[in-house]
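Q:
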Amino acid sequence: MTLDLLQFSPEVAAARAAGTAIVALESTIITHGMPFPQNVEAARAVEAEIRKHGATPATIAVMDGRILIGLTDQQLDALGQAQHVMKISRADIAACIAKGAVGATTVAATMICARLAGIDVFATGGIGGVHRGAETSFDISADLPELGETAVTVIAAGAKAILDLPKTLEYLETKGVPVITFGQDQFPAFWSRDSGLKSPLRMDTAAEIAAAQLMRTKLGLPGGQLVANPIPVADEIPREAINPAIEQALVEAEAQGIAAKEVTPFLLQRIFELTEGRSLVSNIALVLNNARLGAAIAREIVALRA
Ligand code: PSU
Ligand code: MN
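Shown next as structure tokens:
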């Protein structure tokens with residue numbers, strides 16, 4: 103029944119029929135995370151990277167009352183330029199589909215759709231988290247509880263230092279989410295390889311990460327895994343270099359009364375402007391890096407299930 107709501111692109115439908123590896127991708131990063139035209143170029147490059155590494159990309163969005171699992175070139179282009187696209191999470195995905203609006207899926211909504219489509223792995227840039235000042239604003243991204251509920255392995259470059267990273271890790275632990283850093287002991291902070299915090303878990307191979315997800319299923323544990331994949335050394339922006347932009351963006355958000363769903367897009371846009379585009383170059387590089395690891399994990403899951 104739910105399958106009626108899903109519209110698979112021809113490429114994704116073929117991968118499903120063949121039982122080969124698929125990696126889900128979100129669309130909020132396209133509509134609210136990066137400016138046009140770099141957003142569409144980046145989305146295409148990420149899809150190509152996944153194909154190059156032996157898996158099929160499935161970019162997810164909502165249009166015309168259906169959930170698209172895999173976008174055609176035209177759909178991707180239209181989404182990348184569209185104005186007034188809804189940023190949808192768990193709270194608003196049903197309303198968006200029901201009224202036939204165009205919606206870009208956040209990490210939480212992409213996880214929900216990936217699970218419905220039988221996709222185990224999802225690669226992105228950064229996840230939402232506990233915002234600084236959450237003790238008064240209560241601003242905690244719906245991405246975090248989703249990881250505790252929906253069985254999808256999400257690959258991100260950690261969380262941005264616009265967030266309160268210690269609180270984000272505490273919240274994930276409370277929700278029973280394994281936070282696995284790939285190949286190092288320190289939890290990464292998106293543009294920087296080191297947040298100064300120790301990662302709860304560390305794994306060094308895609309096979310281990312795949313096995314851990316299947317073990318959760320075997321144990322009857324709901325929920326996914328967060329894989330934190332450090333940005334490549336060559337693309338890193340050191341903490342000292344990015345921090346002034348982060349601090350200024352946060353001050354401006356506060357002064358302008360930016361709240362709720364607007365907070366994350368506002369901060370991303372301001373940091374892009376304040377770093378004169380440097381943040382975006384690194385952002386694209388780390389998403390490509392996550393796409394490669396996502397493809398490897400998806401292939402291992404297929405192999406383990408065989
Ligand atoms: N963090 C990033 N880039 C992004 C986002 C977060 O570094 O593009 C997007 C993702 O779609 C994420 C969403 O799921 O913002 C979180 O929004 P909020 O904080 O409103 O939950
Ligand atoms: Mn929020």
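In terms of the working numbering, the sequence shown opens at residue 103 and continues consecutively. Backbone N, C-alpha and C define an ideal beta-carbon position, used for all residues, glycine too.
(1) Report the rounded CA-to-CA distance for Pro139 versus Leu267, giving the unit in angstroms.
(2) Helix, strand or coil for Pro268 per DSSP?
(3) Using a Cβ-based criterion (distance less than 7 Å to any ligand heavy atom), does Asp245 qualify as near the ligand MN?
(4) What would DSSP say about Ile162, mapped onto helix, strand or coil?
(5) With Thr174 and Ile190 assumed to form a contact (beta carbons below 8 Å), what rounded beta-carbon distance in angstroms separates them?
(6) Under the DSSP definition of a beta bridge, which residues are partnered with His186?
(7) The beta strand (DSSP E) that contains Val329, what's its start and end?
(8) Comparing alpha-carbon positions, which option in Gly228, Val142 and Leu105 lies nearest Ser381?
(9) For the beta strand (DSSP E) holding Val142, just list the boundary residues, first then last.
(10) Report back the beta-carbon spacing between Val256 and Leu328 to the nearest angstrom; my notes put them in contact at under 8 Å.
(11) May I ask which residues mark the beginning and end of the alpha helix (DSSP H) holding Met213?
(12) Does the Cβ of Arg394 have 16 or more other Cβ atoms within 10 Å, making it buried, or fewer, making it exposed?
(13) Report the option in Ala144, Ala398 and Ala157 whose CA atom is closest to the CA atom of Ala123.
(14) In terms of residue numbering, what span does the beta strand (DSSP E) encompassing Asp296 cover?
A: Based on what the coordinates show:
(1) 31 Å
(2) helix
(3) no
(4) strand
(5) Contact doesn't hold; Cβ gap of about 20 Å is too wide.
(6) Answer by DSSP bridge pairing: none, since His186 is not bridged.
(7) Gln327 to Ala330
(8) Gly228
(9) Where Val142 is concerned, there is no enclosing beta strand (DSSP E), although the alpha helix (DSSP H) it sits in stretches over Gln140 to Lys154.
(10) 6 Å
(11) Val209 to Leu218
(12) buried
(13) Ala157
(14) Ser294 to Lys300
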